[in-house]
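Heads up, the sequence shown is in our numbering, so the first residue is -4 and it goes up one at a time.
Structure first, commentary second.
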Amino acid sequence: MSIEEQKNFILGSINRVIVKWNMDSNEFVVPKLWENMTGYAVPKKINFFRQLRKIICPDDIEKFDRTLKENIYDGVNYFECEYKIKTKSGKIKWILQKSRIFVDNKKCRLMINCILDVTNKKIYESEIRYLAYYDSVTDVPNKLSMTIKLNNFLSSADKYGKKNLALFYICIYNFEKIKDIYREDFEEALLKKVSDIFKDNLDNEVLCKVEESKFAIIDYSCGSVEKAKLKAEYLLSLFNKIIEINGERVFMALNIGISVCTDDVSNSHRIMKNADIALINAKKLGKNQYELYDGEMNAEIVERVKIENDLARAIANKEFILYYQPQVDISRMKICGLEALIRWNHNGSIRLPSYFIDIAEQNGMINEIGKFVLYEAFMQIKKCDDLGYKQLYMSVNISEKQLRQNSFLDFVNYALKSTGIRSNRICFEITERILIDISEKILNVLFKIKDMGIKIFIDDFGTKYSSLNYLKDLPIDGIKIDKSFVYNIQSDGKSRVILKNIVNLAKDLNIEVIAEGVETDGQLRFLESIECSRVQGYVFSRPINSEKLIENLENSYAIWDNINELYNKEN
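What follows is the structure, given as structure tokens:
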């Protein structure tokens, strides 16, 4: 390799410690930056790797040795190794070492080692991983974590072992009423109390929190239906009484749905679905009741088939409509964008996506529905253009099935040309789940979308853990912080710290941030304090139909000037 190539490699490693090793003379050049990073100085004539090995944490030494030896002996000219070190002050740091071997015209070998402190990156990933797999209020595994635990057990246990498994879905009776009665911060204290009671009275069972007021308990060794019923009765007995929470005396009761694993249960979805159906039936019985799932509870399946049939008719009869929710730049108190949200006018009732989207995705109808959403949303932003609101952009949610469809990009081009809207006025929102084990096909589609000038945002950021690498490796323009992060920021210190770190990380990576689910002035003020300037939520507007949107935009100067004036006075 030439001197110029060596120079380019080093320049690409700015802010890293550069250690040179002449592999023929066994001489090392170690800069002062290494002492700054670790607290240790390395004399010129001392073998750097031997000294480095002394401060690598014991559980990483074998990996370091193997990586170094294998790549040198195999003649590999570039390799990387990640490991932990203990500095002179006792601090643990994560290190990423990138090594490259250069050979000059005289066959002299020079290894240049670029050593980077990646501790902060690891902390970010750890915090996001925690929120992905744990509930931040109760500090117990969440639904995603529970699903993984169940799948692992069901895939590894033998037939006898599976029959020992029982899943208990547990909800707090009258939770919504309790929330309405007590002060804002009482909800978290209540959930923590319930969680603590379970923790104090369980042995080897696994406690999880799967929804706002719903817990789950996995019992891997329940053994029989009778034992499952006894367990449910025991759990109910822990409550059904007055419990003191933060100085308030509250009557607490539960409902429990039980799903016992049988021969025909092969995945977590089925056993969770059965437990959920049983819980719904238990709630119908009143407070402090439990119900065991049986096959006669399959009315839900009948309802699903009915929805599928109605969806097919809805597509033919054009029963879908779009609502729009403003995205607001709070630094200027101006509407900067809109998110298109689908609704179904089903037999005179407006149905939310939660009623039908999952079914549409599973049976393939999402592609036709998606075409409607795209075209209608593009038409709406064109209407806004014609009325003079040329500063707005339109966000549209795109599913994985749409991205996999061969004709997707062709239809996007068709919709852009037909409506006359510029591509830089459009933003596609994709869920983080799509980026986990992303396929080459979808990756290519994302890059083509980017080339078209359409922005790409990650929706529900942080709810599914993959890797922060996609923020730098994929064509991502921005992230939407999920409402679950925003919900607890006024009372949960951990949520505030993690939310601030996410915003700072996005700034460092030069990507945009929108916080969604903002409902209170307190949440709004905190987001402003950490310079998250773009928000979306009920604090400004619920989703509204096209007619109401145009009406609001026509009155926007008066409306938003008043909000801006009030906000400035309060600040």
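Ideal Cβ placement from N, Cα and C applies to all residues, glycine included.
- Around the Cβ of S208, a 10 Å sphere holds 16 or more other Cβ atoms; the residue is buried.
- Inter-segment contact for the segment 144 to 164 and the segment 211 to 225 is present: three or more beta-carbon pairs are separated by less than 8 angstroms.
- Boundaries of the beta strand (DSSP E) harbouring V12: 12 to 17, taken from the DSSP string.
- Leaving aside the five residues that flank K187 on each side, the residues in its chain whose CB is nearer than 7 angstroms to its CB run, in chain order, V132, T133.
- Check the Cα spacing between M247 and each of F170, K489, Y78, L105: the tightest is with F170.
- Of the residues assessed, I176 falls on the exposed side of the cut-off, its CB having fewer than 16 other CB atoms within 10 angstroms.
- In the DSSP annotation of this structure, V530 is not part of any alpha helix (DSSP H); the continuous beta strand (DSSP E) holding it starts and ends at 529 to 531.
- Secondary-structure assignment with DSSP links W339 through a beta bridge to F315, R346.
- A straight-line Cα-Cα distance of about 41 angstroms links I316 and C256.
- Rounded to whole angstroms, the separation of the alpha carbons of V14 and K93 is 10 angstroms.
- With respect to the 7 angstroms criterion, K366 and F406 are classified as neighbours on the basis of their beta carbons.
- Across the structure, M32 and L230 are spaced so that their CA atoms are roughly 53 angstroms apart.
- Straight-line measurement puts the Cα of K144 at about 22 angstroms from the Cα of L430.
- With the rule of 3 Cβ pairs closer than 8 angstroms, the segment 295 to 307 counts as touching the segment 351 to 365.
- Of all alpha-carbon atoms in V440, C422, G488, the one lying nearest the alpha-carbon of K475 is that of C422.
- C-alpha of E182 to C-alpha of D130: approximately 14 angstroms in a straight line.
- Per DSSP, the unbroken alpha helix (DSSP H) holding Q397 starts and ends at 395 to 399.
- Taken through DSSP and simplified to helix, strand or coil, Y409 comes out as helix.
- In the three-state DSSP reduction, E507 falls in the strand class (E or B).
- In the DSSP assignment, K116 falls within the unbroken alpha helix (DSSP H) covering 114 to 128.
- In this structure the segment 323 to 330 does not lie against the segment 266 to 284, because fewer than three pairs of beta carbons, one per stretch, are closer than 8 angstroms.
- Beyond the five residues adjoining it in sequence on each side, N72 comes within less than 7 angstroms, by CB distance, of R95, I96 in the same chain, given in chain order.
- Residue F44 holds the alpha-carbon nearest to the alpha-carbon of N21 among V12, F44, G343.
- Beyond the five residues adjoining it in sequence on each side, E395 comes within less than 6 angstroms, by CB distance, of I429 in the same chain, given in chain order.
- Short of 7 angstroms from the beta carbon of N196, and not among the five residues preceding or following it, lie these beta carbons of its own chain, in chain order: L233.
- Fully enclosed beta strand (DSSP E) runs of no fewer than 3 residues occupy 450 to 456, 473 to 476 of the segment 434 to 492, in order along the chain.
- For I376, there is no enclosing beta strand (DSSP E); the enclosing alpha helix (DSSP H) covers residues 361 to 381.
- Here the segment 413 to 420 makes contact with the segment 364 to 384; the two share three or more CB pairs at distances below 8 angstroms.
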